[in-house]
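Each protein sequence line maps, in turn, to chains W, R, P and F.
Be aware that the first sequence starts at 5, since it is given in this note's numbering, and climbs by one per residue.
Be aware that the second sequence starts at 5, since it is given in this note's numbering, and climbs by one per residue.
Be aware that the third sequence starts at 5, since it is given in this note's numbering, and climbs by one per residue.
Be aware that the fourth sequence starts at 5, since it is given in this note's numbering, and climbs by one per residue.
Just so you know, even glycine gets a beta-carbon here, dropped at the ideal spot from N, CA and C.
There are 4 protein chains.
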Amino acid sequence: MLKIAIVGASGYTGLELIRILHCHPEVAVTCLTSEQNAGKRISDVFQTLRGRCDIVLENLEPVRVAEKADIIFTALPHKAAMEVVPTFLKLGKKVIDLSADYRLSDPAVYGAWYEPHINPANLKKAVYGLPEIRRAKIKGAKLIANPGCYPTSIILGMAPLLKAGMLDLDSIIADSASGVTGAGRSAKVDSLYSEVNEGYRAYGAGGVHRHTPEIEQELSLLAGKTVRLTFTPHLAPMDRGILSTIYGMPKNSTTTGKLVKLYTEFYAGEPFVRVLPRGSLPSTSFVRGSNFCDIAPLVDDRTGRIIVISAIDNLVKGASGQAVQNMNLMCGFPETMGLEGLALFP
Amino acid sequence: MLKIAIVGASGYTGLELIRILHCHPEVAVTCLTSEQNAGKRISDVFQTLRGRCDIVLENLEPVRVAEKADIIFTALPHKAAMEVVPTFLKLGKKVIDLSADYRLSDPAVYGAWYEPHINPANLKKAVYGLPEIRRAKIKGAKLIANPGCYPTSIILGMAPLLKAGMLDLDSIIADSASGVTGAGRSAKVDSLYSEVNEGYRAYGAGGVHRHTPEIEQELSLLAGKTVRLTFTPHLAPMDRGILSTIYGMPKNSTTTGKLVKLYTEFYAGEPFVRVLPRGSLPSTSFVRGSNFCDIAPLVDDRTGRIIVISAIDNLVKGASGQAVQNMNLMCGFPETMGLEGLALFP
Amino acid sequence: MLKIAIVGASGYTGLELIRILHCHPEVAVTCLTSEQNAGKRISDVFQTLRGRCDIVLENLEPVRVAEKADIIFTALPHKAAMEVVPTFLKLGKKVIDLSADYRLSDPAVYGAWYEPHINPANLKKAVYGLPEIRRAKIKGAKLIANPGCYPTSIILGMAPLLKAGMLDLDSIIADSASGVTGAGRSAKVDSLYSEVNEGYRAYGAGGVHRHTPEIEQELSLLAGKTVRLTFTPHLAPMDRGILSTIYGMPKNSTTTGKLVKLYTEFYAGEPFVRVLPRGSLPSTSFVRGSNFCDIAPLVDDRTGRIIVISAIDNLVKGASGQAVQNMNLMCGFPETMGLEGLALFP
Amino acid sequence: MLKIAIVGASGYTGLELIRILHCHPEVAVTCLTSEQNAGKRISDVFQTLRGRCDIVLENLEPVRVAEKADIIFTALPHKAAMEVVPTFLKLGKKVIDLSADYRLSDPAVYGAWYEPHINPANLKKAVYGLPEIRRAKIKGAKLIANPGCYPTSIILGMAPLLKAGMLDLDSIIADSASGVTGAGRSAKVDSLYSEVNEGYRAYGAGGVHRHTPEIEQELSLLAGKTVRLTFTPHLAPMDRGILSTIYGMPKNSTTTGKLVKLYTEFYAGEPFVRVLPRGSLPSTSFVRGSNFCDIAPLVDDRTGRIIVISAIDNLVKGASGQAVQNMNLMCGFPETMGLEGLALFP
C-alpha cells in the first residue's frame with residue numbers, strides 16, 4: 005500500500021481525490037492538510053465522508069507531510085503550490101500538482117499570465133500530465149503538472165486534427181461551458197446558488213482566461229507550429245462538467261465520416277476517450293463522476309468548417325481523476341485502477 | 005379595448021402571451037384555443053392563471069375565432085399555422101404568427117428545410133417582425149412573421165457589424181445556448197428533468213438546425229450580400245434564456261472601445277436593446293422574464309477576432325414579448341406598453 | 005407621486021422592491037442605500053436594472069434619507085433596522101420594516117430569540133402587516149412590521165381553522181421548504197450553488213428557528229389561546245418559494261369538502277389568496293414572482309388529521325410584495341396596484 | 005462469477021443496477037430486457053455505458069432469460085413483475101423484485117391499493133428486503149421484495165423508537181421530499197424540466213400514496229401493534245434523493261442526547277446507516293450515489309415532540325443499491341461488496 009497525502013484537502017478537487025482513492029486497492033490516504041480547517045475531521049467538512057474517511061486535517065508543514073506519504077497531491081491555489089513542491093521533491097517524494105504552477109514550460113509566459121515564477125528550476129522536470137499525449141514520459145516523472153480542466157477538453161478534442169496537420173491554424177475557436185465547481189469552494193457572491201441558477205453567461209471573454217496559454221502551448225506542440233486560438237469560457241448552471249465546442253477550417257475539405265475514422269484510430273486502445281459514432285453528441289451528464297472524455301467530430305457541410313465537441317467531468321478527467329490516472333502510470337499500477345466507476349446518471 | 009385571440013394557447017409561448025397581455029391596458033384576451041385541452045379552463049392547464057384568466061379553451065374553428073377577436077396570435081407548430089392564417093387574413097384580422105411559416109421569404113427555402121409551403125401567396129405580405137430592423141414596415145403590416153428565438157439573439161448581435169460592412173462574411177460562427185422551454189411543452193424523454201439536469205450539450209450541430217436559413221436570410225439582407233454561417237445550438241439546464249456567443253473576423257483590425265461606440269449609436273433610442281459597457285457581459289438571468297436584449301461586443305486582441313455576446317429570454321424577446329411589441333407597433337400603441345416589467349432575478 | 009426610499013437596497017428584498025415599484029403608477033423610487041456598495045449605481049450591482057433604474061447608492065444617513073422620501077422601506081438585518089426606524093418616525097415618515105425588529109409585540113420575547121430590544125417604545129405603534137388578518141389597522145399605521153416569509157405562509161394557512169376553533173391546539177406541526185434566496189445575498193459557503201444543488205435538507209430543526217415565536221404570536225391571537233407548534237424549515241434547491249405543509253388534529257372529524265368551503269368563505273374577496281379546489285395542490289412554481297398565496301386544505305381520512313398546504317413566493321408575498329400591499333393600504337391606493345403581475349412560469 | 009439478468013433495464017433503476025454491478029467483482033451482467041428498446045444496445049439508450057456495457061436489449065421471454073442468469077432483478081412496473089416472477093422461481097432462480105408486487109404480505113391489502121394479486125402463492129416466500137431489520141431471513145430467501153424508496157427512509161428512521169416502544173402510535177407523521185427520478189423515465193408533462201424546476205410541491209397528500217400500506221405494515225411489525233400514519237410525499241427540483249422528516253410524540257419526555265444514543269446503539273455495526281451526532285443534519289446531497297442512510301434524531305424541547313430526519317439516495321439505498329445489498333446477503337458475498345462508493349458531492 006502506498007501512502008498518499010493530499011495537500012489542500014478541503015476544496016472540491018481534494019474531496020474528489022479522496023472519493024476516488026477510497027476505492028483504489030493499492031493506496032491509502034494517510035495525510036490531509038487544510039489551513040482553514042486544520043484540527044477538524046475531514047468528515048466534519050464533508051459529511052459524505054463520515055464513517056469512511058475521518059482523518060483530522062492538519063496545517064501544511066511540508067516536511068511532516070512528506071514523512072507521512074509516498075506520493076503527494078497538491079490541490080492548492082497557484083503560487084501556494086510552488087512554495088511547497090520543491091521541498092517534497094527534495095525529500096524524494098513523487099508529486100502530482102493540480103495547480104497551474106508547473107504547466108507552462110516557459111517561466112516568462114507564466115510570469116505574463118500569473119506572477120513571477122519562484123521555482124523555474126523544477127519546470128524542466130515537470131511533465132504535463134495528459135496520458136493520451138504523453139504517456140511514456142509520465143511513467144518516469146517525479147513531478148506531474150496535472151492539466152487544467154478546459155485544456156484537457158480542448159487538447160483531447162484537437163489532437164488528432166493537429167497531429168494530422170489538417171487545420172488552418174489561424175481558424176481555431178474553442179467555446180466552452182463549465183459547471184460551477186470550476187470556481188472552487190470559496191465563498192463568493194458570484195457563486196451563490198441564486199446568482200448562478202437560470203443563468204448562462206460568458207466570462208473571461210476576449211482571450212484573457214488563464215487557461216489560454218496552457219491550451220496554446222499544447223496545441224502548438226501537437227501542430228509543430230505556433231497556434232493562437234480564441235477561447236471563450238462560459239458558466240452553466242450545473243455542478244460539474246465541461247463541454248467544449250471547437251471550430252476550425254480544414255486545409256482541404258473533409259467529411260464527418262473521415263473525421264470519425266481519424267479520431268477512432270487516433271484514440272484506439274485509450275481507456276478513457278470515447279469517440280462517438282456519427283449522429284451521437286456528448287453531454288456533460290453522460291460523463292458526470294467518470295474519467296471519460298467523450299468526443300464527437302463532424303463537418304458543417306454548408307460552410308466546410310470542422311466542429312469537434314468534447315465533454316468531461318471537470319473534477320474527474322479535468323482534475324482529480326486525471327491525477328489518479330497519472331499516479332497509476334507513475335507507480336506502475338493498471339492505468340484504470342480506481343477509475344472504473346461509470347458516470348452517475350441521472 | 006382591442007380583442008385578442010391566442011390560437012394554440014396551452015403551450016409555453018401561449019401562456020407567456022397571456023401573462024404579458026394581462027398587464028396590457030389596451031387589449032383584452034377574449035378567445036383561447038387548444039386541440040388537446042378544449043373544454044378545460046386555461047387556469048386548469050396552468051395554475052398560475054387561476055382567478056385572473058379562467059377562459060375555457062375551445063377547438064380551433066378559424067371563422068369562430070375571427071369573430072371573437074381583432075388581433076390573432078398564432079402559437080402553433082409550423083404548417084398548422086399556415087393552414088389557418090389565410091382565413092384570418094381574409095376576414096380582415098391582423099395576425100402575428102409565432103411559427104416559422106412566414107419567416108422565409110422564398111418558399112423554395114422553406115420547402116428545403118421544412119416541407120412544401122401551402123400558402124406562398126401570403127408570404128409577400130408577411131413582415132419579418134424584428135422591430136429594431138424593420139419598424140416602419142411592421143407598423144403597416146397585416147401579417148407578422150414573428151422571429152425565432154435564436155435568430156433574434158444572433159441578428160440583433162450582428163446587425164451593427166453587418167450594416168457597417170466590417171466583417172469578413174465567411175468567418176461568422178454563432179454558438180448559442182438555450183433553456184429547455186425552447187423545446188416546448190410536449191412530453192418527450194429528452195426534456196425530462198432528470199435527462200436535462202446537470203447536462204450541457206450541443207444538438208443540431210453541423211448546420212442542420214432549422215433556424216439556420218432564417219438567420220442567414222436576415223444577415224444577408226443586412227450585409228447586402230449572401231452570408232453563410234456556422235450555427236451550433238446547445239441545451240443548458242435552465243428554463244429560459246438564450247445566450248449567443250458570435251465570432252467573426254473584421255476586415256480591418258478594431259478595438260473593443262470602437263465596437264461599444266458603434267453598437268451604442270446603432271441602438272440609440274431602442275427601448276429593449278441594452279449595449280453593455282466594456283467589462284460587463286450579459287447573462288440569461290439578467291433578462292429573464294423581460295423583453296430586453298443585452299449585447300456586449302468586444303475584440304480578442306490576441307487574434308484580432310470580434311466576439312459579440314447577446315442574451316434574451318427566449319419566451320419574451322425571443323417569442324411572446326416580441327410579438328406584443330409588434331402588436332403595439334401595428335396598433336399604434338406605445339411600443340413598450342405591457343412590456344415594462346423588469347427581469348425576475350433571482 | 006409619492007417618493008420612496010429603500011434602505012438596504014442591494015439585498016434580494018431590496019431588489020425585489022425596486023422591481024415591483026418600477027411598475028407602480030403612483031410612486032417613484034428616489035433614494036437607495038447600501039453600506040457595501042455606496043457610490044455605485046444600483047444597476048452595476050444588479051444588471052437587470054440597467055437603463056431603468058440607475059440610481060447611485062448612498063450611505064445610510066437617516067436624516068438625509070428622510071428628506072428624500074415620503075415612505076421608507078427598511079430592508080436591513082435585524083437590529084440595524086431599529087437603529088434607524090425611530091429617526092424616520094420622528095421625522096414623520098411612514099415606515100415599512102422588512103426586518104424582524106417590530107414583529108414581536110413583547111420585547112422580552114424578542115430578547116429571548118434575538119437580543120435586547122433597543123426601541124420598545126415604538127413596538128406598540130407597529131402593526132403586524134398581514135393584510136388578510138389586520139387590514140383596518142394597517143390602513144392607519146405609521147410603522148408596519150412586515151411579516152416573515154415562513155410566518156406568512158403558515159398564518160394564512162392556519163387562520164380559518166384557528167378562527168373557527170376547530171383544532172386541537174397541541175397538535176400543530178408546520179413542515180416548510182424554502183428556496184435559497186431566503187438566506188439572503190451574503191457570501192457563505194452554505195449558499196454556494198454546488199453546496200445547495202441536488203440537496204434537500206432541514207435546518208433549524210427542533211424549535212430553534214427565529215420565526216417560531218412570530219408564528220406562535222399570530223396563531224395565538226387567532227386562536228384566542230396560547231399556541232405552541234413544531235416548525236421545521238427545510239432548504240430546497242431553488243431560488244424562490246416557500247411551501248408549508250401544516251398538520252393538525254381537528255376536535256371533531258371533518259371532511260375535505262367542508263374545509264374547502266370554510267377556506268373559500270374565509271378568504272372570499274381577498275385579491276391575493278387563492279383557495280384551490282379539491283384535487284388541486286399548490287406549487288411554489290405556480291406563484292413565482294407573484295403576490296399570491298395558494299392554499300389547499302384537506303383531510304387525511306385514514307387518520308382524521310387535517311393537512312393544509314400553502315405556497316408563496318418568499319420574496320413577494322413573503323417580503324417585498326406584501327410590503328407594497330401594505331404601502332397601498334397605508335396610502336389609500338388600490339390594494340393590488342403594482343401587484344397584478346402573474347407568476348412567471350416556467 | 006454469477007450471471008445476472010436485469011428485467012426492465014431501460015428505466016432508471018435498471019441503469020443504476022448496471023452502474024453498481026459494473027464494479028462488483030463476483031458477478032457479471034449477462035442479460036438485459038426492455039420491451040421498448042429491444043434490439044438496441046443498452047449503451048445507445050444510456051450513453052454513460054458506452055464501451056463498458058454494450059449488451060443488446062432483448063424482449064422479455066422468461067424462460068430464455070432464466071437460462072442466461074443465476075440471479076434475476078425485476079425492475080418492472082407493478083403487476084408486470086408478478087407475471088414473470090413465478091416462472092423464474094419455478095426454474096430455480098433467485099429473484100430480487102424491485103416492484104411493489106411482493107411487498108405487502110396480505111393480498112387483500114395489495115388488492116385495495118393496487119389491483120387483484122395474481123400470485124398470492126409466492127407472497128409467503130417473499131422476504132421484505134430491508135437488511136437492517138431482517139438480515140437473517142434475507143440470507144435464506146429465494147424471492148426478495150425490495151423495499152420502496154419512501155418506506156426505506158421512514159422505516160429506518162422509525163425502527164429504534166418503535167422497537168423501544170417509546171412512541172404514541174397515533175402521533176406519527178412522515179413528511180418526505182423526493183427527487184424526480186422517483187417518477188421514472190416515462191415521458192410525462194409533469195416530469196418535464198420546465199414543469200419541475202423551481203417547483204416544490206406535495207402530491208398524493210391525504211393518505212393516498214401507495215407506499216402508505218407498505219410503511220404501515222413494517223412499522224406495525226416493529227411496534228408489535230397496528231400503526232396508522234399520515235404520510236405526505238413532495239416533489240423537489242432535483243434528480244435524486246429522499247429526505248423524510250418524521251414526527252411523533254413520545255410516551256415519556258426524552259432528550260436529543262438519549263435519542264442519539266438509542267439510535268447509535270441500534271445501528272451499531274450497520275455498514276450503511278450513519279447516525280449523525282447532535283447538531284448535524286442529513287442532506288440528500290450527502291448520500292447522492294451512495295448506499296448510505298443518514299439519520300438524525302432530535303427532540304423539539306418546546307413541544308416535547310420527537311423529530312427524526314433521514315436521507316437516502318432513492319435510486320441506491322431506496323432501490324438498486326439495496327437490491328445489490330440483498331443479493332450480497334443471499335449469495336454469501338460481503339454485504340458491502342460493490343457498494344463501497346462514496347457519495348458524489350457536489
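Subject >> CB of residue 71 of chain F within 8 Å of CB of residue 277 of chain F, strictly >> reply: One-based indexing of the fourth sequence puts residue 71 of chain F at position 67. One-based indexing of the fourth sequence puts residue 277 of chain F at position 273. Not in contact: residue 71 of chain F and residue 277 of chain F (Cβ atoms no closer than 8 Å).
**OP:** Output the distance between the C-alpha atoms of residue 169 of chain R and residue 23 of chain R, rounded to the nearest integer angstrom.
**Re:** One-based indexing of the second sequence puts residue 169 of chain R at position 165. One-based indexing of the second sequence puts residue 23 of chain R at position 19. Rounded to the nearest angstrom, the two C-alpha atoms are 40 Å apart.
Original post:
Of the residues that make up the region 279 to 304 of chain F, which ones have a beta carbon closer than 7 Å to any beta carbon in chain P?
Top reply: For the region 279 to 304 of chain F, the beta-carbon criterion of a distance under 7 Å to any beta-carbon of chain P is satisfied by 285, 286, 287, 288, 289, 292, 302, 303 and 304.
Original post:
What does a CB cutoff of less than 8 Å around residue 90 of chain F pick up in its chain, not counting 5 residues either side in sequence?
Top reply: Taking the first residue of the fourth sequence as 1, we reach residue 90 of chain F at position 86. For residue 90 of chain F, where only same-chain residues beyond five positions count, the Cβ hits under 8 Å are 123, 125 and 126.
Original post:
Can you tell me the Cα-Cα spacing of residue 53 of chain F and residue 316 of chain W, whole angstroms?
Top reply: Sequence index remark: in the fourth sequence, residue 53 of chain F carries index 49 (1-based). Sequence index remark: in the first sequence, residue 316 of chain W carries index 312 (1-based). Near 15 Å, if we compare the C-alpha coordinates of residue 316 of chain W and residue 53 of chain F.
Original post:
How would you list, in chain order, the residues of chain R whose beta-carbon sits under 7 Å from the beta-carbon of residue 125 of chain F?
Top reply: For the purposes of this step, residue 125 of chain F is taken as residue 121 along the fourth sequence, with counting starting at 1. For residue 125 of chain F, there are no C-beta contacts with chain R under 7 Å, since the nearest C-beta of that chain is about 37 Å from it.
Original post:
Assuming residue 255 of chain F contacts residue 174 of chain F under a Cβ cut-off of 8 Å, what Cβ separation, rounded to an integer in Å, is found between them?
Top reply: In the fourth sequence, the residue the question calls residue 255 of chain F occupies position 251. In the fourth sequence, the residue the question calls residue 174 of chain F occupies position 170. So it is not a contact: roughly 11 Å between Cβ atoms.
**OP:** Identify the contact partners of residue 195 of chain W in chain P, using a Cβ-Cβ distance below 7 Å as the criterion.
**Re:** Here residue 195 of chain W refers to the residue found at position 191 when the first sequence is read from its first residue. The answer, in chain order, is 196 and 197.
Original post:
Per DSSP, residue 7 of chain F is paired with what?
Top reply: As a first step, residue 7 of chain F is located in the fourth sequence; it is residue number 3 there, counting from the start. Paired residue(s): F:32.
Original post:
What did DSSP end up calling residue 360 of chain R once you bin it into helix, strand or coil?
Top reply: Outside the displayed span of chain R (5 to 350) sits residue 360 of chain R, for which this structure offers no information.
Original post:
Between the region 10 to 30 of chain R and the region 298 to 309 of chain W, do three or more beta carbon pairs fall short of 8 Å?
Top reply: The region 10 to 30 of chain R vs the region 298 to 309 of chain W: no contact.
Subject >> Residue of P:29, P:83, P:27 and P:26 minimising C-alpha distance to residue 12 of chain P >> reply: Within the third sequence, numbered from 1, the residue matching residue 12 of chain P stands at position 8. Of the listed residues, the one whose Cα sits closest to residue 12 of chain P is P:83.
Subject >> Range covered by the alpha helix (DSSP H) that runs through residue 98 of chain W >> reply: Numbered from its first residue, the first sequence carries residue 98 of chain W at position 94. From DSSP, residue 98 of chain W is part of no alpha helix (DSSP H) but of the beta strand (DSSP E) over 98 to 101.
Original post:
Can at least three beta-carbon pairs, one atom from the region 222 to 233 of chain W and one from the region 255 to 267 of chain P, be found at a separation below 8 Å?
Top reply: Below 8 Å, too few C-beta pairs join the region 222 to 233 of chain W and the region 255 to 267 of chain P to call them touching: fewer than three.
**OP:** Could you tell me if residue 243 of chain R is buried or exposed, where buried requires 16 or more neighbouring beta carbons within 10 angstroms of its beta carbon?
**Re:** Here residue 243 of chain R refers to the residue found at position 239 when the second sequence is read from its first residue. It counts as buried.
Original post:
Run through DSSP, which three-state label would residue 26 of chain F get?
Top reply: In the fourth sequence, residue 26 of chain F corresponds to position 22, counting from 1. For residue 26 of chain F, the secondary structure class from DSSP, reduced to helix, strand or coil, is coil.
**OP:** At 7 Å on the CB atoms, spell out the chain R contacts of residue 56 of chain P, in chain order.
**Re:** Taking the third sequence and counting its residues from 1, one reaches residue 56 of chain P at position 52. Simply 346.
Subject >> Exposure of residue 152 of chain P, with buried meaning 16 or more beta-carbon neighbours within 10 Å >> reply: Position 148 of the third sequence holds residue 152 of chain P. Residue 152 of chain P is buried by the Cβ-count criterion.
Subject >> Rounded Cβ spacing between residue 349 of chain W and residue 289 of chain W (contact assumed at less than 8 Å) >> reply: For the purposes of this step, residue 349 of chain W is taken as residue 345 along the first sequence, with counting starting at 1. For the purposes of this step, residue 289 of chain W is taken as residue 285 along the first sequence, with counting starting at 1. Taking C-beta atoms under 8 Å as the contact rule, residue 349 of chain W and residue 289 of chain W qualify, at a distance of about 6 Å.
Original post:
If you follow the alpha helix (DSSP H) that residue 114 of chain W is part of, which residue opens it and which one closes it?
Top reply: Working through the first sequence from its first residue, we reach residue 114 of chain W at position 110. Residue 114 of chain W -> alpha helix (DSSP H) spans 111 to 117.
Original post:
Just checking my contact of residue 217 of chain W with residue 134 of chain W at CB under 8 Å: how many whole Å lie between their CB atoms?
Top reply: In the first sequence, residue 217 of chain W corresponds to position 213, counting from 1. In the first sequence, residue 134 of chain W corresponds to position 130, counting from 1. Between residue 134 of chain W and residue 217 of chain W the Cβ distance is about 16 Å, and since that is not below 8 Å, they are no contact.
Original post:
Starting from residue 301 of chain R and walking both ways along the alpha helix (DSSP H), at which residues does that stretch end?
Top reply: Residue numbering aside, residue 301 of chain R sits at position 297 when the second sequence is read from its first letter. DSSP places residue 301 of chain R in no alpha helix (DSSP H) but in the uninterrupted beta strand (DSSP E) bounded by 297 to 304.
Original post:
Where DSSP assigns a beta bridge to residue 37 of chain F, which residues make up the other side?
Top reply: Taking the fourth sequence and counting its residues from 1, the one referred to as residue 37 of chain F is at position 33. According to DSSP, residue 37 of chain F bridges with F:11 and F:62.
**OP:** Check each candidate in W:60, W:85, W:177 and W:99 and name the one with the smallest Cα separation from residue 311 of chain R.
**Re:** As a working note, residue 311 of chain R is residue 307 in the second sequence. Closest option to residue 311 of chain R, Cα to Cα, is W:177.
Original post:
Does the beta-carbon distance from residue 205 of chain W to residue 247 of chain W come in below 8 Å?
Top reply: By one-based count along the first sequence, residue 205 of chain W stands at place 201. By one-based count along the first sequence, residue 247 of chain W stands at place 243. Cβ atoms of residue 205 of chain W and residue 247 of chain W: not closer than 8 Å.
Original post:
Which residue or residues does DSSP assign as beta-bridge partners of residue 254 of chain R?
Top reply: Taking the second sequence and counting its residues from 1, the one referred to as residue 254 of chain R is at position 250. Answer is R:171, bridged to residue 254 of chain R.
Subject >> Check whether residue 333 of chain P and residue 139 of chain P have beta carbons under 8 Å apart >> reply: Within the third sequence, residue 333 of chain P is the residue found at index 329, counting from 1. Within the third sequence, residue 139 of chain P is the residue found at index 135, counting from 1. In this structure, residue 139 of chain P lies closer than 8 Å to residue 333 of chain P by Cβ.
Original post:
What is the residue span of the beta strand (DSSP E) that residue 81 of chain P lies within?
Top reply: Taking the third sequence and counting its residues from 1, one reaches residue 81 of chain P at position 77. First-last for residue 81 of chain P: undefined, no H or E at that position.
Original post:
What residues of chain W sit near residue 36 of chain R, judged by a beta carbon separation below 7 Å?
Top reply: Locating residue 36 of chain R in the second sequence gives position 32, where the first residue counts as 1. Under the 7 Å cutoff, chain W gives no residues; its nearest Cβ is about 28 Å from residue 36 of chain R.
Subject >> Interface flag, residue 243 of chain F vs chain P, CB-CB below 8 Å >> reply: Mapped onto the fourth sequence, residue 243 of chain F falls at position 239. Taking CB atoms only, residue 243 of chain F has a neighbour in chain P less than 8 Å away.
Subject >> Cβ neighbour criterion (16 or more within 10 Å) applied to residue 179 of chain W >> reply: Within the first sequence, the letter at position 175 stands for residue 179 of chain W. A residue is called buried when at least 16 other Cβ atoms come within 10 angstroms of its Cβ; residue 179 of chain W meets this threshold and is buried.
Original post:
Can you tell me whether DSSP reads residue 176 of chain F as helix, strand or coil?
Top reply: Residue numbering aside, residue 176 of chain F sits at position 172 when the fourth sequence is read from its first letter. Assigned with DSSP and collapsed to three states, residue 176 of chain F falls in coil, not helix or strand.
Subject >> For residue 323 of chain F and residue 49 of chain P, the rounded distance between their alpha carbons >> reply: Counting from 1 along the third sequence, the entry for residue 49 of chain P is found at position 45. Counting from 1 along the fourth sequence, the entry for residue 323 of chain F is found at position 319. So the two alpha carbons sit approximately 46 Å from each other.
Original post:
Is there at least one Cβ from chain W nearer than 8 Å to residue 206 of chain P's Cβ?
Top reply: Here residue 206 of chain P refers to the residue found at position 202 when the third sequence is read from its first residue. Chain W, which has no Cβ nearer than 8 Å to the Cβ of residue 206 of chain P, makes this no.
Subject >> Under 9 Å by beta carbon: chain P residues contacting residue 270 of chain R >> reply: In the second sequence, residue 270 of chain R corresponds to position 266, counting from 1. Here the premise fails: no neighbours, minimum Cβ distance about 16 Å.
Subject >> Nearest neighbour of residue 185 of chain F, chosen from F:16, F:9, F:10 and F:281 [CA to CA] >> reply: Reading the fourth sequence from its first residue, position 181 is the one you call residue 185 of chain F. Taking only the C-alpha atoms, the option nearest residue 185 of chain F is F:16.
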